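Asker: The structure follows.
Number of protein chains: 2
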Amino acid sequence: MTKSILHAIFLCLAHISMAQPLAAIQSESEPLVLQSLGSFYLGGDKQFQNQTELGGFSSEGHVTVNQMYVNYMVPQHRTDSMSFVFIHGMNLSGKTWETTPDGRMGWNEYFVRKGYPVYMVDQVGAGRSGFNQKYYNLVREEQLAAKNQETFQRISDENTWINFRFGLKNQQPVKEAKYPIGAVGEFSKQSIPFALFGLADPNPNYLYLSALAAELKHTVLVSHSQSGRFPIESALLNPKGIKAMVMLEPGGTGADFTDEQLSALATIPLLVVFGDYLENETGIPGHSWKNYHDGWGDFVQRLNAAGGKATLIYLPNLGIHGNSHMLMQDKNNQQVADIIIDWIKDNE
Amino acid sequence: MTKSILHAIFLCLAHISMAQPLAAIQSESEPLVLQSLGSFYLGGDKQFQNQTELGGFSSEGHVTVNQMYVNYMVPQHRTDSMSFVFIHGMNLSGKTWETTPDGRMGWNEYFVRKGYPVYMVDQVGAGRSGFNQKYYNLVREEQLAAKNQETFQRISDENTWINFRFGLKNQQPVKEAKYPIGAVGEFSKQSIPFALFGLADPNPNYLYLSALAAELKHTVLVSHSQSGRFPIESALLNPKGIKAMVMLEPGGTGADFTDEQLSALATIPLLVVFGDYLENETGIPGHSWKNYHDGWGDFVQRLNAAGGKATLIYLPNLGIHGNSHMLMQDKNNQQVADIIIDWIKDNE
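Respectively, the protein sequence lines represent chains A and B.
Be aware that the first sequence starts at 434, since it is given in the numbering used here, and climbs by one per residue.
Be aware that the second sequence starts at 434, since it is given in the numbering used here, and climbs by one per residue.
What follows is the structure, given as structure tokens:
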């Protein structure tokens with residue numbers, strides 16, 4: 434390839450892909466003052482792997498699998514002892530809670546500016562947490578049948594439009610759309626392969642989240658979509674340190690939790706939040722946000738009947754219309770954050 | 434599985450895996466004051482994929498591939514107009530530059546506290562940048578021969594000990610070891626599958642890094658190990674905005690760059706830094722840090738002969754002994770950072 438062709442590709446790329454995000458990113462007028470920031474890994478199991486399993490470069494030996502990456506910020510001035518742990522959904526990573534695709538402040542910074550430490554994880558199997566590559570390498574060398582490697586799931590842009598309710602149809606925004614529609618192309622970049630269907634039982638995510646909450650104390654576990662049930666599962670393992678559970682548009686219905694489990698959960702406040710247009714077709718058979726809303730509505734009733742403090746907020750009932758599945762990135766994401774913080778304060 | 438077994442597993446995990454990292458993490462006495470912090474993606478290509486290629490959950494449509502995740506911090510008070518872009522090596526992610534495995538401040542925070550904006554990328558194919566999963570999903574469904582899926586590379590803990598020169602042998606630290614030997618187990622968790630052997634030509638990482646530098650201006654590109662040559666390749670695409678190139682223990686030798694290319698590079702200062710014990714056996718045939726040191730030493734001479742400003746620092750020549758391959762995590766990582774900053778100041 435000649436230099437001039439390379440240069441033309443470069444200019445094209447620079448123009449199309451670079452200009453938008455950097456130029457569009459906004460800064461707040463007040464500085465962000467942190468007591469600390471950093472990252473660490475939780476958990477992880479040692480596993481011996483041979484050279485083929487490692488991919489052929491390294492000699493055989495142990496590697497760590499099932500670890501969870503966490504990054505965090507602690508504000509210099511804390512409002513109280515409460516901390517937030519944010520858990521992303523399918524196909525995504527901790528990026529979910531950072532700068533929005535149209536360049537506004539993410540929830541990570543917003544909650545810190547409100548005076549709360551924030552911890553953001555990459556689920557085991559996603560992003561910087563990695564996944565166990567050995568099955569793929571064995572399949573490649575024909576030492577293992579292909580069906581032994583798990584699929585990597587992704588969601589197409591066209592499906593995202595209807596499934597995440599940016600629009601009732603692809604490229605046709607819903608009325609009063611709260612998602613920043615001009616930045617849907619940027620959101621597409623956040624979608625990365627998701628290897629979570631082959632995890633151990635019990636799911637190591639639950640173990641790490643409950644242990645993190647116990648260590649931080651006064652922790653609010655905030656889940657989204659596929660990670661919806663994670664706060665509940667973590668609390669069932671160890672409720673110590675979990676101050677509240679917040680589930681943003683959780684998948685599933687919660688109908689499989691037993692009465693005994695609900696009794697154990699009743700001491701911890703639970704908030705479920707859903708956006709608008711839940712009746713929209715998701716394009717995926719058997720997958721319905723309306724069904725999940727109704728199922729978790731039943732769960733909230735059961736939990737309250739068991740002595741709990743639980744609420745399901747359907748945002749249109751508060752007069753707030755047009756919210757998508759990505760509530761934390763919607764144009765009114767600060768309004769939604771305030772609703773959550775206020776609800777916790779009112780129910781502690 | 435009964436509740437009591439689960440609880441026992443939990444206690445065990447909590448004890449073994451959780452206590453170390455959180456308790457060991459240190460905070461600085463002065464707050465970190467940021468003008469801004471955030472993240473964005475660079476580049477990315479749209480590709481149509483069918484339902485099998487997407488993993489079976491989503492309906493067919495377009496996804497983004499070849500995007501690059503970047504997160505950044507800008508200090509409230511900048512020393513001057515210079516910014517740093519940090520590029521990790523094989524098997525790793527942007528985590529490389531964050532909190533060290535033994536809980537000390539990472540280079541990301543150190544450089545910000547010195548007054549410089551920092552940008553950290555996950556290479557295309559690593560961490561939050563994701564990779565193209567379609568080949569793996571096609572192989573799984575036996576629609577593609579297994580050899581069409583790239584291997585995922587990882588490095589075993591045992592190989593890391595000698596290859597990264599924590600020790601001359603596994604579990605036997607080198608004399609005056611600068612790596613925090615007690616935290617080698619934590620470092621193991623940073624190693625995640627690496628899918629970089631199937632990238633397009635030209636490597637999209639080069640395009641994005643050169644475009645980022647052009648947009649930021651006065652940018653120092655800092656590479657490590659497998660990404661060693663990235664600053665040079667980026668500068669050859671577009672030198673605009675690249676103030677200096679810093680290569681930490683680069684792999685390869687640079688012997689393949691032509692005299693014409695060296696002439697084009699000669700306006701940009703180049704610093705190469707190597708640690709100690711380069712003669713150590715790497716455990717991988719044909720892979721020798723001593724050879725890379727010598728090769729890049731020749732490159733530095735050629736660049737200077739072409740009118741450039743280039744230096745190779747072999748730390749033991751400065752009386753600094755025991756540094757590992759992970760210079761940015763070694764116990765004297767701030768000393769190494771200061772050497773780099775001072776060299777740039779002396780050569781601008």
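Think of the CB as a built atom: it goes at the ideal place given N, C-alpha and C, for glycine as much as any other residue.
The structure presented is a predicted model; accordingly, all values stated were derived computationally and were not measured.
1. Three-state secondary structure (DSSP) at L748 (chain B)?
2. By Cβ distance, which residues of its chain are closer than 8 Å to W540 (chain B), with the 5 residues on each side in sequence left out?
3. Report all residues from its chain with a CB closer than 8 Å to the CB of T512 (chain B); omit the five preceding and five following residues, and keep chain order.
4. Quick check on DSSP: helix, strand or coil for A610 (chain B)?
5. Thinking L695 (chain B) and R662 (chain B) are a contact (beta carbons under 8 Å), I'd like their distance in whole angstroms, please.
6. Express the C-alpha separation of F544 (chain A) and P664 (chain A) in angstroms, rounding to a whole number.
7. Tell me the DSSP secondary structure of G477 (chain A) in three-state form.
8. Is there contact between the segment 663 to 677 of chain B and the segment 691 to 709 of chain B, where contact requires at least three CB pairs shorter than 8 Å?
9. Can you give me the Cβ contacts of P606 (chain B) inside the same chain, cut-off strictly under 6 Å, excluding the 5 residues immediately before and after it?
10. Buried or exposed: where does N524 (chain A) fall if 16 or more other Cβ atoms within 10 Å of its Cβ makes it buried?
11. If you run the structure through DSSP and keep just helix, strand and coil, what is H651 (chain A)?
12. Is the Cβ of D555 (chain A) closer than 9 Å to any Cβ of chain B?
13. Kindly confirm or deny that the segment 492 to 501 of chain A and the segment 457 to 468 of chain A touch, where touching means at least three C-beta pairs closer than 8 Å.
14. Where are the beta strand (DSSP E) runs, 3 residues long or more, that stay fully inside the segment 513 to 574 of chain B, in chain order?
15. Kindly say whether N570 (chain B), judged by its beta-carbon, lies nearer than 9 Å to any beta-carbon of chain A.
16. When you compare the CB positions of Q623 (chain B) and S526 (chain B), do they come within less than 9 Å of one another, or not?
17. Enumerate in chain order the residues of its own chain whose CB-to-CB distance from I438 (chain B) is below 8 Å, with the five nearest sequence positions on each side excluded.
18. Rounded C-beta distance between P683 (chain A) and V557 (chain A)? I'm assuming under 8 Å.
19. Would you call the segment 752 to 760 of chain B and the segment 707 to 720 of chain B touching, i.e. three or more CB-CB distances under 8 Å?
20. Applying a beta-carbon distance threshold of less than 9 Å, which residues of chain B neighbour V496 (chain A)?
21. Which residues, taken in chain order from the segment 645 to 679 of chain A, show a beta carbon closer than 9 Å to some beta carbon of chain B?
22. Just the chain A side, please: which residues come within less than 7 Å of T784 (chain B) by C-beta, in chain order?
23. Which ranges would you report for the alpha helix (DSSP H) in the segment 629 to 708 of chain B if only whole runs of at least 4 residues count?
24. Just checking: is the beta-carbon of P469 (chain A) within a distance shorter than 9 Å of some beta-carbon in chain B?
25. Residues of chain B with CB closer than 9 Å to the CB of E714 (chain A), please, in chain order.
26. Pull the bridge partners of Y502 (chain A) from the DSSP assignment, please.
27. Examine chain C for any beta-carbon lying closer than 9 Å to the beta-carbon of K580 (chain A), and answer yes or no.
28. Can you grab the Cα-Cα spacing for the pair V572 (chain A) / N504 (chain B), in whole Å?
29. For a test of the three-state rule: what should DSSP assign to T497 (chain B), helix, strand or coil?
30. Are the CB atoms of L475 (chain A) and A644 (chain A) within a distance shorter than 9 Å?
31. Can you pull the chain B residues whose beta carbon is under 9 Å from the beta carbon of I717 (chain A), in chain order?
32. Helix, strand or coil: which one does DSSP assign to Q468 (chain A)?
33. Within 10 angstroms of the Cβ of A633 (chain A), are there 16 or more other Cβ atoms? Answer buried if so, exposed if not.
34. Quick one: Cα of M434 (chain A) to Cα of L748 (chain B), how far?
35. Candidates B:K764, B:H758, B:K742: which alpha carbon is nearest D779 (chain B)'s?
36. Taking Cβ-Cβ distances shorter than 7 Å, what residues in chain A pair up with F599 (chain B)?
Answerer: Checking against the coordinates, here is how it stands:
1. Locating residue 748 (chain B) in the second sequence gives position 315, where the first residue counts as 1. Here L748 (chain B) sits in helix by DSSP.
2. As a first step, residue 540 (chain B) is located in the second sequence; it is residue number 107 there, counting from the start. Result list for W540 (chain B): F519, W530, V551, M761, N766, A770, in chain order.
3. Your numbering for residue 512 (chain B) matches position 79 in the second sequence. K547, G548, Y549, listed in sequence order.
4. Translated into the one-based positions of the second sequence, residue 610 (chain B) becomes position 177. Of the three classes helix, strand and coil, the one that applies to A610 (chain B) here is coil, per DSSP.
5. Here residue 695 (chain B) corresponds to residue number 262 of the second sequence, with the count starting at 1. Here residue 662 (chain B) corresponds to residue number 229 of the second sequence, with the count starting at 1. Between R662 (chain B) and L695 (chain B) the Cβ distance is about 13 Å, and since that is not below 8 Å, they are no contact.
6. Position 231 of the first sequence holds residue 664 (chain A). Position 111 of the first sequence holds residue 544 (chain A). Just so you know, the alpha carbons of P664 (chain A) and F544 (chain A) end up roughly 19 Å apart.
7. Numbered from 1 along the first sequence, position 44 holds the residue referred to as residue 477 (chain A). It is a strand residue.
8. yes
9. Locating residue 606 (chain B) in the second sequence gives position 173, counting from the first residue. Contacts found: G600, I614.
10. As a working mapping, residue 524 (chain A) is identified with position 91 in the first sequence. By the C-beta density criterion, N524 (chain A) is buried, having at least 16 other C-beta atoms within 10 angstroms.
11. Numbered from its first residue, the first sequence carries residue 651 (chain A) at position 218. Note: H651 (chain A) maps to coil in three-state DSSP.
12. Taking the first sequence and counting its residues from 1, the one referred to as residue 555 (chain A) is at position 122. It does: the Cβ of D555 (chain A) has a partner Cβ on chain B nearer than 9 Å.
13. no
14. 516 to 520, 551 to 555
15. Taking the second sequence and counting its residues from 1, the one referred to as residue 570 (chain B) is at position 137. So, interface residue.
16. What you label residue 623 (chain B) is simply residue 190 of the second sequence in a count that begins at 1. What you label residue 526 (chain B) is simply residue 93 of the second sequence in a count that begins at 1. Against a cut-off of 9 Å, the Cβ pair of S526 (chain B) and Q623 (chain B) comes out as a contact.
17. Residue mapping note: residue 438 (chain B) aligns to position 5 of the second sequence, counting from 1. For I438 (chain B), the predicted structure reports a pLDDT of 41, less than 50, and the residue's modelled location is therefore unreliable. A value from the coordinates is still provided. Correct list: empty, nothing qualifies.
18. Within the first sequence, residue 683 (chain A) is the residue found at index 250, counting from 1. Within the first sequence, residue 557 (chain A) is the residue found at index 124, counting from 1. Cβ-Cβ separation between P683 (chain A) and V557 (chain A): approximately 19 Å, too far for a contact (criterion under 8 Å).
19. yes
20. Stepping through the first sequence from its first residue, residue 496 (chain A) is reached at position 63. Per Cβ cutoff of 9 Å: R587, I588, S589, D590, S621, S624.
21. L645, A647, E648, L649, L669, L670, N671
22. Lying before the first or after the last residue shown, residue 784 (chain B) is absent from chain B, which here runs from 434 to 781.
23. Listed in chain order, they are 637 to 649, 663 to 670, 692 to 698.
24. For the purposes of this step, residue 469 (chain A) is identified with residue 36 of the first sequence, where counting begins at 1. The sequence shown places Ser at residue 469 (chain A), rather than the Pro named in the question. By this cut-off, S469 (chain A) is an interface position.
25. Within the first sequence, numbered from 1, the residue matching residue 714 (chain A) stands at position 281. Those within 9 Å of E714 (chain A) in chain B number zero; the least Cβ separation is about 11 Å.
26. Looking up residue 502 (chain A) in the first sequence gives position 69. According to DSSP, which records beta bridges pairwise, Y502 (chain A) is partnered with A:Y474, A:D555.
27. You won't find chain C in this structure, because its protein chains are A and B.
28. As a working note, residue 572 (chain A) is residue 139 in the first sequence. As a working note, residue 504 (chain B) is residue 71 in the second sequence. Approximately 34 Å, taken between the alpha carbons.
29. Here the question's residue 497 (chain B) lines up with position 64 in the second sequence. It is a strand residue.
30. Mapped onto the first sequence, residue 644 (chain A) falls at position 211. Mapped onto the first sequence, residue 475 (chain A) falls at position 42. Cβ distance < 9 Å, so A644 (chain A) and L475 (chain A) count as in contact.
31. Here residue 717 (chain A) refers to the residue found at position 284 when the first sequence is read from its first residue. Near I717 (chain A) (Cβ distances below 9 Å), the residues of chain B are F490, S491, S492.
32. The residue you call residue 468 (chain A) lines up with position 35 of the first sequence. Looking at Q468 (chain A) - three-state DSSP - the assignment turns out to be strand.
33. The residue labelled residue 633 (chain A) in the question sits at position 200 within the first sequence. A633 (chain A) should be labelled exposed.
34. Counting from one through the first sequence, the residue named residue 434 (chain A) turns up at place 1. Counting from one through the second sequence, the residue named residue 748 (chain B) turns up at place 315. Interpretation of M434 (chain A) is limited by its pLDDT of 34, a score under 50 that renders its predicted location unreliable; the figure taken from the coordinates is listed afterwards. Roughly 39 Å separates the two Cα atoms.
35. Taking the second sequence and counting its residues from 1, the one referred to as residue 779 (chain B) is at position 346. Nearest C-alpha to D779 (chain B): B:K742.
36. Counted from its first residue, the second sequence places residue 599 (chain B) at position 166. In chain order: nothing, as chain A lies at least about 13 Å away.
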